[in-house]
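Q: Have a look at this one.
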Amino acid sequence: MTQKLTNTMLTSLAANKLTGTFGAVNGGDLTDINIPYFKSASNPVFTSAEDNSLTLGALWVNYSTGNLFVCINTSVGNNKWKNVGLGTGNIS
Numbered sequence: 187m188t189q190k191l192t193n194t195m196l197t198s199l200a201a202n203k204l205t206g207t208f209g210a211v212n213g214g215d216l217t218d219i220n221i222p223y224f225k226s227a228s229n230p231v232f233t234s235a236e237d238n239s240l241t242l243g244a245l246w247v248n249y250s251t252g253n254l255f256v257c258i259n260t261s262v263g264n265n266k267w268k269n270v271g272l273g274t275g276n277i278s
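Take the sequence shown: its letters are residues 187 to 278, numbered as in the numbering used here.
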């Protein structure tokens, strides 16, 4: 008899017991951390979070400059963005 394993049956599993090939895995699926991000050719502005349904901690990637911003305040009409990339300009 062959039985299919379900997540309710599995309580622990040592990584060294896994063998074989696995398909591509999203790291967020492993950590249960999925950070929202937005790609744009420009930097975020004071209303970027609400205009794009972004939440606190969201990332804004300016693909034309390489700057990376994280949303540190989602106050309506007064979003604050911290530049965490190599650039220098904060939006606050």
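The C-beta atom is built at its ideal place from N, Cα and C for all residues, glycine as well.
(1) Would you kindly check if the distance between the Cβ of Glu236 and the Cβ of Val256 is under 8 Å?
(2) Which first and last residues belong to the beta strand (DSSP E) in which Ser226 is found?
(3) Restricting to Cα atoms, I'd like to know which of Phe232, Ser226 and Thr207 is closest to Asn264.
(4) Just confirm the distance between the C-beta atoms of Asn202 and Phe224, as a whole number of angstroms; I'd bet it's less than 8 Å.
(5) In three-state DSSP terms, what is Asn202?
A: This is what the structure holds:
(1) Stepping through the sequence shown from its first residue, residue 256 is reached at position 70. Stepping through the sequence shown from its first residue, residue 236 is reached at position 50. It is not a contact, given that the beta carbons lie outside the stated cut-off.
(2) In the sequence shown, counting from the first residue as 1, residue 226 sits at position 40. Tyr223 to Ser226 is the span of the beta strand (DSSP E), which, as asked, contains Ser226.
(3) What you label residue 264 is simply residue 78 of the sequence shown in a count that begins at 1. Measuring from the Cα of Asn264, the nearest candidate turns out to be Phe232.
(4) As a working note, residue 202 is residue 16 in the sequence shown. As a working note, residue 224 is residue 38 in the sequence shown. At roughly 39 Å, the Cβ-Cβ gap does not stay under 8 Å, so Asn202 and Phe224 are not in contact.
(5) Along the sequence shown, one-based indexing puts residue 202 at 16. Helix at Asn202.
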